[in-house]
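Numbering (the working numbering), first residue to last: 7 to 221.
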Amino acid sequence: MVEEMQTVLKNERVEVLVLNKMGRVKIAHFEVILTFNLDGTVSDGNGFSIFSTSFQGIINSIINCSFAGQAQAFFLEAKALELAALYLAATEQTTKNYVFCKSEYDRERLFFAKTYLLEHYDLPPTIAELARIAGINEFKLKNGFKELFGDTIHNFVNNHKMDIALKRLTEGGQKASQVAFDLGFSSLQHFSKAFRQKFGYPPSQVKKDEKLTGY
(Lines of atoms letter the chains of each structure in order from A and count residues from 1; the text may use other names and numbers.)
(Lines give C-alpha, C1' and ligand atoms only; values in the text may rest on other atoms or scores of the structure.)
Protein backbone atom coordinates (compact mmCIF):
# COMPACT_ATOMS: atom_id res chain seq x y z
CA MET A 1 0.00 0.00 0.00
CA VAL A 2 1.43 3.37 -1.04
CA GLU A 3 1.53 5.98 1.69
CA GLU A 4 -0.28 9.21 0.94
CA MET A 5 1.98 12.02 2.07
CA GLN A 6 0.88 15.65 2.17
CA THR A 7 3.49 18.22 1.19
CA VAL A 8 3.27 21.04 3.74
CA LEU A 9 6.41 22.90 2.66
CA LYS A 10 8.62 22.89 -0.40
CA ASN A 11 11.30 25.39 -1.33
CA GLU A 12 14.84 25.36 -2.68
CA ARG A 13 16.25 24.28 0.68
CA VAL A 14 13.87 21.70 2.11
CA GLU A 15 10.72 19.70 1.43
CA VAL A 16 8.51 18.57 4.31
CA LEU A 17 5.87 15.86 3.85
CA VAL A 18 3.51 14.70 6.58
CA LEU A 19 1.48 11.52 6.96
CA ASN A 20 -0.91 12.69 9.66
CA LYS A 21 -2.59 9.41 10.59
CA MET A 22 0.70 7.66 11.29
CA GLY A 23 2.48 10.67 12.73
CA ARG A 24 5.27 10.42 10.21
CA VAL A 25 7.37 13.22 8.73
CA LYS A 26 9.58 12.96 5.66
CA ILE A 27 12.20 15.60 5.00
CA ALA A 28 14.12 15.99 1.76
CA HIS A 29 17.20 18.16 2.24
CA PHE A 30 20.22 18.36 -0.05
CA GLU A 31 19.15 15.15 -1.81
CA VAL A 32 18.86 13.26 1.49
CA ILE A 33 15.43 11.90 2.44
CA LEU A 34 14.87 11.30 6.15
CA THR A 35 11.78 9.63 7.61
CA PHE A 36 10.94 10.53 11.22
CA ASN A 37 8.32 8.73 13.32
CA LEU A 38 6.59 9.87 16.48
CA ASP A 39 8.09 6.92 18.36
CA GLY A 40 11.49 8.62 18.02
CA THR A 41 12.92 6.49 15.21
CA VAL A 42 14.41 7.90 12.02
CA SER A 43 15.78 6.28 8.87
CA ASP A 44 17.57 7.58 5.79
CA GLY A 45 16.24 5.05 3.30
CA ASN A 46 19.61 3.31 3.03
CA GLY A 47 19.18 0.91 5.91
CA PHE A 48 20.53 3.24 8.59
CA SER A 49 18.09 3.78 11.45
CA ILE A 50 18.50 5.43 14.86
CA PHE A 51 16.32 6.31 17.84
CA SER A 52 16.20 9.46 19.95
CA THR A 53 13.55 11.03 22.16
CA SER A 54 14.84 14.40 20.93
CA PHE A 55 13.00 13.83 17.64
CA GLN A 56 9.58 13.27 19.17
CA GLY A 57 8.72 16.79 20.34
CA ILE A 58 9.90 18.36 17.09
CA ILE A 59 7.94 15.90 14.94
CA ASN A 60 4.81 16.57 17.00
CA SER A 61 5.23 20.34 16.56
CA ILE A 62 5.49 19.92 12.78
CA ILE A 63 2.39 17.73 12.56
CA ASN A 64 0.37 20.04 14.82
CA CYS A 65 1.69 23.35 13.47
CA SER A 66 -1.00 26.03 13.94
CA PHE A 67 0.72 28.80 11.97
CA ALA A 68 -0.40 29.89 8.51
CA GLY A 69 1.17 31.60 5.54
CA GLN A 70 4.74 32.85 5.81
CA ALA A 71 4.90 32.15 9.53
CA GLN A 72 4.11 28.50 8.84
CA ALA A 73 6.79 28.30 6.16
CA PHE A 74 9.46 29.75 8.46
CA PHE A 75 8.41 27.51 11.34
CA LEU A 76 8.35 24.29 9.32
CA GLU A 77 11.69 24.99 7.65
CA ALA A 78 13.31 25.77 11.00
CA LYS A 79 11.97 22.57 12.55
CA ALA A 80 12.92 20.50 9.51
CA LEU A 81 16.50 21.78 9.62
CA GLU A 82 16.61 21.17 13.37
CA LEU A 83 15.62 17.55 12.80
CA ALA A 84 18.23 17.22 10.05
CA ALA A 85 20.91 18.68 12.35
CA LEU A 86 20.01 16.30 15.18
CA TYR A 87 20.09 13.39 12.77
CA LEU A 88 23.54 14.33 11.43
CA ALA A 89 24.85 14.79 14.98
CA ALA A 90 23.52 11.36 15.92
CA THR A 91 25.10 9.67 12.90
CA GLU A 92 28.46 11.30 13.65
CA GLN A 93 28.32 10.03 17.22
CA THR A 94 27.78 6.45 16.07
CA THR A 95 31.13 6.52 14.26
CA LYS A 96 33.10 7.23 17.43
CA ASN A 97 34.78 4.48 19.41
CA TYR A 98 33.09 4.86 22.76
CA VAL A 99 34.34 3.03 25.82
CA PHE A 100 31.59 3.66 28.38
CA CYS A 101 28.53 4.34 26.18
CA LYS A 102 28.90 1.90 23.32
CA SER A 103 25.23 1.25 22.61
CA GLU A 104 22.72 3.65 21.05
CA TYR A 105 20.46 3.03 24.06
CA ASP A 106 23.16 4.18 26.50
CA ARG A 107 23.80 7.33 24.49
CA GLU A 108 20.09 8.08 24.27
CA ARG A 109 19.78 7.68 28.06
CA LEU A 110 22.73 10.03 28.56
CA PHE A 111 21.12 12.65 26.33
CA PHE A 112 17.96 12.23 28.41
CA ALA A 113 20.01 12.76 31.58
CA LYS A 114 21.55 15.91 30.10
CA THR A 115 18.13 17.30 29.19
CA TYR A 116 16.83 16.46 32.67
CA LEU A 117 19.72 18.33 34.27
CA LEU A 118 19.06 21.39 32.10
CA GLU A 119 15.42 21.37 33.21
CA HIS A 120 16.21 20.85 36.91
CA TYR A 121 19.43 22.84 37.27
CA ASP A 122 18.11 24.75 40.31
CA LEU A 123 17.66 21.52 42.28
CA PRO A 124 19.70 18.84 40.47
CA PRO A 125 19.33 15.20 41.53
CA THR A 126 22.13 13.16 43.03
CA ILE A 127 24.06 10.78 40.79
CA ALA A 128 22.07 7.86 42.19
CA GLU A 129 18.76 9.65 41.62
CA LEU A 130 19.68 10.69 38.09
CA ALA A 131 20.78 7.15 37.26
CA ARG A 132 17.39 5.82 38.33
CA ILE A 133 15.54 8.56 36.43
CA ALA A 134 17.55 8.00 33.25
CA GLY A 135 17.45 4.21 33.46
CA ILE A 136 21.22 3.68 33.41
CA ASN A 137 23.68 2.51 36.07
CA GLU A 138 25.80 5.03 37.97
CA PHE A 139 29.09 3.88 36.45
CA LYS A 140 27.88 4.39 32.88
CA LEU A 141 26.17 7.64 33.85
CA LYS A 142 29.27 9.25 35.34
CA ASN A 143 31.83 7.97 32.86
CA GLY A 144 29.57 7.98 29.83
CA PHE A 145 28.44 11.55 30.49
CA LYS A 146 32.03 12.80 30.53
CA GLU A 147 32.89 10.73 27.45
CA LEU A 148 29.89 11.95 25.48
CA PHE A 149 29.74 15.59 26.58
CA GLY A 150 33.34 16.28 27.58
CA ASP A 151 32.61 17.31 31.16
CA THR A 152 31.59 15.90 34.51
CA ILE A 153 27.96 16.14 35.60
CA HIS A 154 28.88 18.52 38.42
CA ASN A 155 30.80 20.88 36.16
CA PHE A 156 28.11 20.73 33.48
CA VAL A 157 25.38 21.77 35.91
CA ASN A 158 27.54 24.42 37.53
CA ASN A 159 28.55 25.98 34.19
CA HIS A 160 24.92 26.04 33.11
CA LYS A 161 23.95 27.77 36.36
CA MET A 162 26.65 30.38 35.89
CA ASP A 163 25.57 31.11 32.33
CA ILE A 164 22.03 31.67 33.58
CA ALA A 165 23.32 33.80 36.44
CA LEU A 166 25.28 36.04 34.09
CA LYS A 167 22.25 36.46 31.84
CA ARG A 168 19.98 37.35 34.75
CA LEU A 169 22.44 39.82 36.21
CA THR A 170 23.02 41.60 32.91
CA GLU A 171 19.59 41.40 31.30
CA GLY A 172 17.15 40.85 34.13
CA GLY A 173 18.50 43.41 36.56
CA GLN A 174 18.29 40.94 39.46
CA LYS A 175 20.43 41.24 42.56
CA ALA A 176 23.12 38.65 43.14
CA SER A 177 21.40 37.45 46.32
CA GLN A 178 18.17 36.75 44.45
CA VAL A 179 19.98 34.97 41.63
CA ALA A 180 21.90 32.85 44.13
CA PHE A 181 18.65 31.84 45.85
CA ASP A 182 16.86 31.07 42.57
CA LEU A 183 19.74 28.88 41.38
CA GLY A 184 19.73 26.83 44.56
CA PHE A 185 22.95 28.07 46.20
CA SER A 186 23.11 27.76 49.97
CA SER A 187 24.61 31.22 50.40
CA LEU A 188 25.62 34.33 48.50
CA GLN A 189 29.26 33.60 49.35
CA HIS A 190 29.05 30.16 47.75
CA PHE A 191 27.43 31.64 44.66
CA SER A 192 30.03 34.43 44.41
CA LYS A 193 32.89 31.94 44.67
CA ALA A 194 31.43 29.77 41.88
CA PHE A 195 30.78 32.83 39.73
CA ARG A 196 34.35 34.08 40.15
CA GLN A 197 35.77 30.64 39.29
CA LYS A 198 33.72 30.61 36.08
CA PHE A 199 34.22 34.18 34.84
CA GLY A 200 37.24 35.46 36.75
CA TYR A 201 35.43 38.27 38.57
CA PRO A 202 32.68 38.51 41.22
CA PRO A 203 29.00 39.08 40.35
CA SER A 204 29.22 42.55 41.91
CA GLN A 205 31.34 43.66 38.94
CA VAL A 206 28.89 42.59 36.23
CA LYS A 207 27.18 45.97 36.03
CA LYS A 208 30.35 48.00 36.66
CA ASP A 209 32.27 46.84 33.61
CA GLU A 210 30.17 45.69 30.64
CA LYS A 211 33.32 44.64 28.77
CA LEU A 212 33.80 41.83 31.25
CA THR A 213 30.46 40.23 30.45
CA GLY A 214 30.70 40.36 26.70
CA TYR A 215 27.32 42.06 26.41
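We put the CB at the ideal spot given by N, CA and C, even for glycine.
Reduced DSSP secondary structure (H/G/I, E/B, other) of Leu223 = Only positions 7 to 221 of the chain appear in this structure, which leaves residue 223 out of reach.
task = Counting only the same chain and skipping the five closest in sequence on each side, list residues whose C-beta sits under 7 Å from that of Gly150.
result = Excluding residues within five positions, the ones whose Cβ falls inside 7 Å are Phe106, Cys107, Asp112, Leu116.
ask   = Are the beta-carbon atoms of Ile170 and Leu136 separated by less than 9 Å?
value = Judged by beta-carbon spacing, Leu136 lies beyond the 9 Å limit of Ile170, meaning their Cβ atoms are not closer than that value.
query = With burial defined as no fewer than 16 other Cβ atoms inside 10 Å of the residue's Cβ, what is the status of Pro130: buried or exposed?
reply = Under this definition Pro130 is a buried residue.
ask   = Under the rule that 16 or more other beta-carbon atoms within 10 Å means buried, what is Glu125, buried or exposed?
value = Exposure of Glu125 is indicated by the presence of fewer than 16 other C-beta atoms within 10 angstroms of its C-beta.
ask   = In chain order, what residues of the same chain have a beta carbon less than 7 Å from the beta carbon of Ile64, not counting five sequence neighbours either side?
value = Scanning its chain for C-beta atoms nearer than 7 Å, with the 5 sequence neighbours on each side dropped, one finds around Ile64 the residues Lys85, Glu88, Leu89, in chain order.
task = Return the chain-ordered list of same chain residues with a C-beta closer than 8 Å to the C-beta of His166, the five sequence neighbours on each side being excluded.
result = The beta carbon of His166 sits closer than 8 Å to the beta carbons of Leu123, Leu124, Tyr127 from its chain, once the five residues preceding and following it are set aside; these are given in chain order.
task = Would you give the residue range spanned by the alpha helix (DSSP H) that Ala182 belongs to?
result = Ala182 -> alpha helix (DSSP H) spans 182-188.
ask   = Are Val22 and Leu82 closer than 9 Å when you measure CB to CB?
value = In this structure, Leu82 lies closer than 9 Å to Val22 by Cβ.
task = Starting from the Cα of Asn164, find the closest Cα among Gln78, Ile39, Lys199 and give me that residue.
result = The option with the nearest alpha carbon to Asn164 is Lys199.
ask   = So what's Ser109 in DSSP terms, helix, strand or just coil?
value = Looking at Ser109 - three-state DSSP - the assignment turns out to be coil, as it is neither helix nor strand.
ask   = Taking C-beta to C-beta, are Val236 and Gln78 nearer than 9 Å?
value = The structure shown does not extend to residue 236, since the chain is modelled only from 7 to 221, so the question has no answer here.
request  = May I have the straight-line CA-CA distance separating Tyr221 from Phe187, to the nearest angstrom?
outcome  = Since pLDDT at Tyr221 reaches only 38, below the 50 mark, its modelled position is unreliable, and no value is offered.
task = For Gln211, name the three-state secondary structure that DSSP assigns.
result = The three-state secondary structure of Gln211, taken from DSSP, is helix.
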